[in-house]
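Here our numbering is used: the first residue of the sequence shown is 29, the next is one more, and so on.
Cβ atoms here follow ideal geometry from the backbone N, Cα and C, with glycine treated the same way.
One structure is given below, encoded as structure tokens.
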Amino acid sequence: MSANLPTLRQLQFLIVLAEHGNFSRAAEAAHVTQPTLSAGIKELELSLGTTLVERGARGASLTPAGEAAAARARTILTEAEDLVHAARAAGEPLAGQFRLGVIPTIAPFLLPRVLPALRSEFAQLELFLREDLTPRLVDALKERRLDAALIALPYEAAGIETRSIAMDEFLFACAPGHKLADANPLSPVMLADESLLLLEDGHCLRDHALSVCSTSHSASGPGSARADAARSDFAATSLHTLVQMVRSGLGATLLPRLAVDGGVAEGLGLVIKPFDPPVAGREIGMAWRRGSARAEEAAKLSGAVKAALAPR
């Protein structure tokens, strides 16, 4: 019976062919020759007793049976990878490849601070980093294309576990001539009539900043007019772009302290002020798929990141 089972290599060939739709490109991606890949697919079809691929002059497409087989093949391969990771983790945690996602408002400011410490503590760890927006990172976690992700909390997603690492407070940033530049003390309530420059839709930092503004509108009293907290005519794609817009006098914004400490506004002459307590902000946290074979390693990595961020 086992002689008729497909091999993992054959399943890999089917998946890469499904992704590229062409034998030549698929063979290149799989780092094999085209005849080797073609033979592997043919052996898989013989093993399963059905046609998986329709071959044509313009390329290759999967049959309905091939689509179903490819979907199951992805599950089988990820389970096999989990088996390998679990066995390695039992012998030596955080050794070998670990696929870590990081959101863009964290990656350039946190990674330079923590990567040297991680390399020192886990000499056998090979971190593969992917920077992307939170929803896509969460999808990658669910599809087992990532082992863990550094994101901003709170963030609720089915099947995803999170652990808080550090608080990242919001600071008010404006040009020197702004009406709130000399405000002391500065309270979120003062933002009630302020339209802020924020990142474009899709960035969780935008949502967290808007939640601060929503609180300020509520605190200003039920009779106050509630303006839209974000300017609709301006939206930045990165924090570096955002601070340049503020520098140009287009408005004010909220910046995470992590980014400010990382130099995002250095040399721009902006006024950057903390709010009076209670501190408003976001949490930096680690997320991973519930039930993942690498859950314990993700938790251990979050502890190492937390230690690296702790004040010395």
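Coarse secondary structure for residue i, derived from DSSP in three states
i, result
"Phe303", "coil"
"Val44", "helix"
"Thr35", "coil"
"Glu184", "coil"
"Pro132", "coil"
"Gly94", "helix"
"Ala332", "helix"
"Ser320", "coil"
"Arg83", "strand"
"Gly230", "coil"
"Arg127", "strand"
"Gly68", "helix"
"Ala99", "helix"
"Phe150", "coil"
"Glu197", "strand"
Exposed unless 16 or more other CB atoms sit within 10 angstroms - verdict on residue i
i, result
"Pro216", "buried"
"Thr133", "buried"
"Val307", "exposed"
"Ser148", "exposed"
"Phe156", "exposed"
"Gly84", "exposed"
"Leu36", "exposed"
"Arg172", "buried"
"His268", "exposed"
"Ala338", "exposed"
"Ser2", "Within the shown structure, residues of the chain are numbered from 29 to 340, placing residue 2 beyond reach of any answer."
"His236", "buried"
"Ala220", "buried"
"Leu80", "buried"
"Pro213", "exposed"
"Leu225", "buried"
"Ala95", "The amino acid at residue 95 is misidentified as Ala; the sequence shows Glu. With fewer than 16 Cβ atoms within 10 Å of its Cβ, Glu95 is classed as exposed."
"Ala88", "buried"
"Leu146", "buried"
"Ala99", "exposed"
"Leu296", "exposed"
Minimum C-alpha distance to residue i - residue among the options
i, options, result
"Ala97", "Leu72, Phe156, Ala85", "Leu72"
"Arg318", "Ala211, Leu174, Leu270", "Leu174"
"Tyr183", "Cys232, Gly87, Thr61", "Cys232"
"Asp196", "Leu219, Val166, Arg285", "Arg285"
"Leu65", "Glu82, Leu76, Val44", "Val44"
"Arg275", "Leu238, Leu208, Leu298", "Leu298"
"Gly230", "Leu153, Asp160, Asp304, Ile188", "Asp160"
"Gln272", "Ala293, Asp289, Ala287", "Ala293"
"Val333", "Phe41, Leu143, Ala54", "Leu143"
"Ile188", "Ala176, Asp304, Ala203", "Ala176"
"Pro11", "Ala323, Phe198, Ala135, Ala194", "No information on residue 11 is available, as it lies outside the stretch 29 to 340 that the chain covers here."
"Ala327", "Leu178, Val288, Leu238, Ala209", "Leu178"
"Ala336", "Thr162, Phe137, Glu56", "Phe137"
"Pro204", "Gly295, Gly277, Glu56, Met218", "Gly277"
"Trp316", "Ala185, Ala194, Leu90, Asn32", "Ala185"
"Glu47", "Thr78, Ala101, Lys70, Gly77", "Ala101"
"Leu69", "Val60, Ala57, Phe41", "This sequence places Ile at residue 69; Leu is not what is there. Of the listed residues, the one whose Cα sits closest to Ile69 is Phe41."
Cβ neighbours of residue i in the same chain (closer than 8 Å, five flanking residues each side left out)
i, result
"Leu181", "Thr190, Ser192, Arg310, Glu311, Ile312, Gly313"
"Arg158", "Arg127, Leu128, Gly129, Val130, Leu165, Ala168, Leu174"
"Ser75", "Asn32, Leu33, Pro34, Gln38"
Same chain only: Cβ atoms within 6 Å of residue i, ignoring 5 sequence neighbours per side
i, result
"Phe150", "Leu122"
"Gly291", "none"
"Leu227", "Leu233, Arg234, Ala264"
"Asp110", "Ala321"
"Leu283", "Leu199, Ala201"
"Pro302", "Leu199"
"Gln62", "Phe51, Ser52, Ala55"
"Thr78", "Ala93"
"Ala323", "Trp316"
Beta-carbon contacts of residue i that lie in its chain and below 7 Å, excluding the five residues immediately before and after
i, result
"Ile104", "Leu39"
"Ala135", "Glu159"
"Ala211", "Met218"
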